[in-house]
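Protein chains in written order, with the working numbering: chain B, 33 to 354; chain Z, 33 to 354; chain D, 33 to 354; chain H, 33 to 354.
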C-alpha cells in the first residue's frame, strides 16, 4: 500500500483529501501538515474529516511514496520541487503547474518559482489525460472552475466559435482564510460577480478548450458546490441529436461524468466525485447551452486528486471515492 | 389624494405594493383582496407589511381611482378589463399586457383573454416610457428579469449584435404557492438553472432591446433579489471610455438607476427601488459585460408599480419610495 | 444476506434509509415504495440517494425478511400489523409504537389503530435497549428530538428534578410535503418556536427520562441537523468531575455517542450516525447544561433504523454506517 | 435641530445608527468616524446605509450636541469620558456603563477605565427608564440579548423563582471583524451554543430582572435578528388570564413592544425597532414560556439608541424609526 502525506491539510480542500486518503484501504495516510494549525488534531480543526492525525509543521522531509500539496499558488512550486527531489510523486492542487505556456503563466501570476518543471507536469483531468497521469511524477490537478468548464466543453472541441462561461460558486471555493468577503453577513442573501474580466482560471480553460473564453465567476450563498453555465456559439450549426451523440460518446465510459436530461443542481453532486452535465440547443439562436455541476472541494480539487493518485499507483481509478 | 386597491395582496409582490401604498401620505389604500387568505388581516399573513387591512374576497366592484393587480398570468387580463370599464386606472403586474405583438403572446402563453386591450397598454418601465405612462389607463409593469435586463442593455440599443443573459434570482421570484421546487430543503445549498431555452421573459426582453437574446434564469438560495449578468457582443468594437459615456448619459438623470464601478451585489438594493449597474469591456474578446442588480419584489414588481402610479397621478415619481 | 424493503421511501428519512441499505454488502434492498412518486426511480426523486430502484405503489405483499416503514403517524400502524402477519420483521419510523402507555398515546394522537401490538414493540434506541432489539419483531425507532434528548439526559437518570429542553431543528425534520411553513421564503433568515407547550415528542422523552419535561422545538434555517439544549435542575448538587464520570461511564463503549469538551455544532454530525454531547455545570446556579447534536435524518431516523436492523439480524451494529 | 456624530460607524450597529440619523429631519448627522475604514465613504463600506459621508479617523474633538459611540467594550469608556467633558451628550452602545455595580463589572470585564462615571449612566431601555433617559448626559444602551430578555421578563418582576434563557442570534451580533467563527462556511447549515455558562450579558440581565439567570446564546445561520426563549419557574402559580393581564398592562402603551398570540419569528421584526413577545403557560409543569424577537442591530442596538436620543432631545420617542 502506498504511503502518502497531505501538505496544507488545514485548508478546505486539503482536509477533504486527507479524509478520503484516511479511509481504508486505499492509501496509508502518514502525515498531514499545516501552517496555522500545527499541533492540533485534524479532526479538531475539521470535525467532519474524522482524521485523528496531528497536524505537523510544514516540512518536505517526509518518507512517503506520494504527496498531495494543497498550498496557495506560488507557495506550492518550491515545495513540489523539493518533494520530487526526494523521490516523492506529487499531486499538486495549486495553479503552479497547470499552464503549459510559461509566458501565459507569467502574465497572470508573475515570475514562476520553478519553470523547469512546467514541461513535466501532467494536467490532472483523468477524463482527458488518463494515460499520461499513470506515469507522471507531477500531476497538476485543475482548478474547480476549469474542471467543470472543460468537462462541459470538451465534447465540442474543434466546433467552438465563441464561448461565454458564467460560473456560480459556493464560498469554500474562496478558501478558509477569514476575510470580509467571506464573512457570513457579507455573503448571506446576495449574489456577487467577482474578478470580472480577469479571473486566473480563464487561461487554463482556454488552454484546454482551444479558444479564448469570457469567464465570469459569481459568489453565491452556499458552502460547497459550483455550477458552470456555458453558452457556446458553435462553429457550424449542430442539432439536438448530433449533440446528444457527441456527449454520449465522450462520456458513456466515464464513471464520474453523468449526463442528465434536465439541468443539474449543485446539491446533486455534493460530497461526490461526480460531474453532472446537461446540454441543450436554443432553437431560436442555434446557441448550445451546457450546464455542469461539481463539488468544488471534491471533483474540483480533493477527490479528483485521489482519482489521480489511484491512476499513478495502478489502482482502480475510483477506489475510495464511492 | 387618489384612492387605490391592491388585488392579489397576499402574494409577495402584492403585499409589498400594499405596504408601500399604505405609507402616508402618498395614496389612500382602501382595499386589499386575496383568494386564499380572504378574511385574514394582511399583517397576519405578511407581518412585515404592517398593513392592518382585512383581505377581502376577490372583486372588481371597487370605488377607487386606481388598482394594482398582482394576479398570475392569464388570470389578470379579464379582471383588468373589468376595472378599466369601471373607470379605474390599472397597473398590472402580470405578463398579460407586456407583449405588444399578439402572435408573440400567443406563442408563449396561448390565447389572450382580452386582445383588444393590448394596443392600449403602456410598458411600465418609467426610465423608458415615462411620458406615455403619465397618460395611460393601463400600465403593464415589466417582469423582474426584463426590468434588470432592459435597464442593463438599453444604453447599447442599436449596437447589439448578440446577447447572452444569465440571471440569478431569489426564491420569492417564483411566487408564494408552496411547491417542491420552493421547499427550503430543495433550494438550500444549491443553484439550479430552470426553464432552459424557454423562459417567457425572453420575448419581453427581445421586444425592448431589439434583438433576440439567449436568456437563462437560475434559482439561488436567497429570499429576495436578482442579479442579471449580460454578455454582449457589440455590433462594432466599443472602448471603455465610450461605454462609460453611453451609460452616464443614459442614467445621470435617473433617480433609481445607479452606476457602480465594481459589479453590484443584490443585497445592496434589497428592499429598494434601485437598479445598480456596472459595465465592463473584456479586453481579449471585445465583449461587453453588464451586471445589473435589483430587488425582484421592488424594482422588479411592487415599487416600480408605485413609481408608475406616481407618474399616472401627477405626483413626484419617487414619492413614497425612499 | 437479509432482504429488506423500505416503505415510504420518497420521504426524506425513507430515502436515506434506502440509500444506506442499498450500500453493499449489508442488506439486500429489494423494494422501495411510495405513494406520490410511484413509478419514478428513487434516484430521480432523490438524486443524492443514488438508488436506481423504481418506487413501487404502496403494498405489504412483499417477500422480504425485514421492512423499514417510513410512514406518517397513524398511517403506519395498520401497515406494520400486516407486515408482521406475513412474518416480516419491522423497524417503524413513526410514533405509532413508541409510547408504552396506551392512554398517553391516545391523549396525544387519538385512537390507536392496533393497540394490541404496543406491548410487543421495543423502543429502538440501541444505546438503551440493545438486547431487547436483537430479538424484537417490531422496533419503534425514536423520533429525532427524543433521540438527542434521551441520549443527553440518560446518564442523569434518577437525578433529574426538573428539565427544560430547547431544541433547534433543520427543515427536513418537518417532512417533504410542500407547505407555507417550509417555503424557502418563510424559513430563510428567521428562527421560530413551534408547537409551544404541545409537541408530541415530550411524552416520549418523559417516558424515557422518568420526569416531565418542558420541551420546545424551534425551526432554524438549515436543511438537516438538530441541536438539543437541555437545562437540568439536578435533584442534588453535582460537580464537574462527578458529571464527567457519569457521562464517560455511560458512553465510553458506545461507538456512536461522542463526548466533546466544547458544545457541539450540528454540522459536525451531518450525514452521520453520531450523537455528540457536551455537559457543563453553571457554577452560579448549579444547573447542569447538556448540548446534544444529531443529524435528524440519520441518528434521528434512518441510520438509527439501520443500527437496529443490524442488531436484529446479528450483524455488527455499525455495519454500513461508517 | 440637534447635531450628532456616530463614532465607530463602520461596524454593523454604528452603520445602522448613522443611516437612521441621516434620515431627514430628525437629527443632523455631522460626523461619522471609523478606525479601519477612515477615508472611505460610509455608503461604500455599507451600501445599504446610503450615507454619503466620509468616515473620519477616530477623534473626540467634535462640535456636536450628541454622539453615539459604537466601540468595543473597554475601548468605549475613555472616549465617552472625553466627549462628556466637551459637553457632548452620549449614547453608548458598549457594555462599559451598563452594570451599576463596579465589582460585578470587574468580575466580568476586568478593571474599569472610568469607574467614576458608572453612577451617572442611565440604562438605556426606554420602556423602563424613560424619565431618567430624558435628563441623562450618558445613556448606556443595553446589549441585544438583555433588551429582548428584559422586555420578556419585566412584567413578571417579583414573581420569578428561576429563569432559563436560551437565545438564538444571527451572525451580525458577533461583529464585523472577520474570524473563523464568522466565516460563511463555519456558520452555514449549523447551530452552535457559545460562551456556555459565561456570557457577559447574564449579569446585565440579572441586574434588571432581580434574579440570577442561566443564559446561553446560540449562533444560527442568519444575518440579523435574535430570538430569546425564556423558561420561567414562577414564584407562585400563575394562570393564563393573569399572565395575559400582566403583559397587556405592561405594554399596552408601548409603541415598540407588540404582544402576539403565537410565538414570534425574528423575521417579523427585521429592520425595525419592534420587540415582539408571546407568553404561554405549560399546563403540565406550570412553567411560563416567553418568546421575544428583536432585530439585534435595531432594537438591540442602533434604533434603540435613536429612541434614547429622541428622549434626550425632547423629540417624539419614535421619530425617524417608522
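Heads up, the beta-carbon is just placed ideally off N, CA and C, and yes, glycines get one too.
A quick note: this is a predicted structure, and the numbers were derived from the prediction, not measured.
Pick from the options that is closest to residue i, judged by C-alpha positions
{"i": "residue 80 of chain Z", "options": "D/166, D/222, D/137, D/175", "result": "D/222"}
{"i": "residue 255 of chain H", "options": "H/274, H/329, H/193, H/293", "result": "H/329"}
{"i": "residue 271 of chain Z", "options": "Z/257, Z/317, Z/237", "result": "Z/317"}
{"i": "residue 136 of chain H", "options": "H/326, H/179, H/235", "result": "H/235"}
{"i": "residue 32 of chain B", "options": "B/141, B/48, B/257", "result": "There is simply no residue 32 of chain B to check, as chain B begins at 33 and stops at 354 in what is shown."}
{"i": "residue 204 of chain B", "options": "B/339, B/168, B/247, B/334", "result": "B/334"}
{"i": "residue 108 of chain H", "options": "H/56, H/247, H/61, H/170", "result": "H/170"}
{"i": "residue 112 of chain Z", "options": "Z/184, Z/83, Z/152, Z/74", "result": "Z/152"}
{"i": "residue 262 of chain B", "options": "Z/61, Z/345, Z/248", "result": "Z/248"}
{"i": "residue 190 of chain H", "options": "H/304, H/241, H/72", "result": "H/241"}
{"i": "residue 283 of chain H", "options": "H/129, H/148, H/188", "result": "H/188"}
{"i": "residue 251 of chain B", "options": "H/78, H/67, H/217, H/192", "result": "H/217"}
{"i": "residue 253 of chain D", "options": "D/245, D/281, D/219", "result": "D/219"}
Buried/exposed call for residue i, threshold 16 Cβ in 10 Å
{"i": "residue 296 of chain Z", "result": "buried"}
{"i": "residue 214 of chain Z", "result": "buried"}
{"i": "residue 186 of chain B", "result": "buried"}
{"i": "residue 54 of chain D", "result": "buried"}
{"i": "residue 208 of chain D", "result": "buried"}
{"i": "residue 259 of chain Z", "result": "buried"}
{"i": "residue 212 of chain B", "result": "exposed"}
{"i": "residue 200 of chain H", "result": "buried"}
Unbroken alpha helix (DSSP H) run spanning residue i, endpoints
{"i": "residue 377 of chain D", "result": "For chain D, the structure presents residues 33 to 354; residue 377 of chain D sits outside this window and is missing."}
{"i": "residue 179 of chain Z", "result": "176-185"}
{"i": "residue 275 of chain Z", "result": "272-283"}
{"i": "residue 237 of chain B", "result": "233-241"}
{"i": "residue 138 of chain B", "result": "134-141"}
{"i": "residue 47 of chain Z", "result": "44-54"}
Chain D within 7 Å of residue i, Cβ atoms only
{"i": "residue 430 of chain H", "result": "Outside the modelled stretch of chain H, which goes from 33 to 354, sits residue 430 of chain H, for which no answer is possible."}
{"i": "residue 227 of chain Z", "result": "no"}
{"i": "residue 255 of chain Z", "result": "yes"}
{"i": "residue 300 of chain B", "result": "yes"}
{"i": "residue 317 of chain H", "result": "yes"}
{"i": "residue 63 of chain Z", "result": "no"}
Cβ of residue i within 7 Å of any chain Z Cβ
{"i": "residue 211 of chain D", "result": "yes"}
{"i": "residue 79 of chain H", "result": "yes"}
{"i": "residue 262 of chain B", "result": "no"}
Cutoff 6 Å; reference residue i; Cβ partners in own chain excluding five residues on either side
{"i": "residue 115 of chain B", "result": "92, 99, 122"}
Any non-hydrogen atom of the ligand FAD closer than 6 Å to residue i Cβ
{"i": "residue 163 of chain B", "result": "This structure simply doesn't include the ligand FAD, nor any ligand for that matter."}
Closer than 7 Å to chain B by CB, residue i
{"i": "residue 46 of chain Z", "result": "no"}
{"i": "residue 204 of chain H", "result": "yes"}
Residue interval of the beta strand (DSSP E) (run including residue i)
{"i": "residue 250 of chain Z", "result": "245-251"}
{"i": "residue 323 of chain Z", "result": "320-326"}
{"i": "residue 306 of chain B", "result": "Looking at the DSSP string, residue 306 of chain B is not in any beta strand (DSSP E), and its letter there is neither H nor E."}
Residue-level contact to chain H via CB, residue i, 7 Å cutoff
{"i": "residue 221 of chain D", "result": "yes"}
{"i": "residue 83 of chain B", "result": "no"}
{"i": "residue 200 of chain B", "result": "no"}
{"i": "residue 323 of chain D", "result": "yes"}
Contacts around residue i, its chain only, beta-carbon distance under 7 Å, and the 5 residues preceding and following it disregarded
{"i": "residue 104 of chain B", "result": "126"}
{"i": "residue 94 of chain H", "result": "37, 63, 120"}
{"i": "residue 269 of chain B", "result": "318"}
{"i": "residue 304 of chain Z", "result": "327, 330"}
Residues near residue i by beta carbon distance below 8 Å, same chain, minus five either side
{"i": "residue 231 of chain D", "result": "177, 247, 248, 249"}
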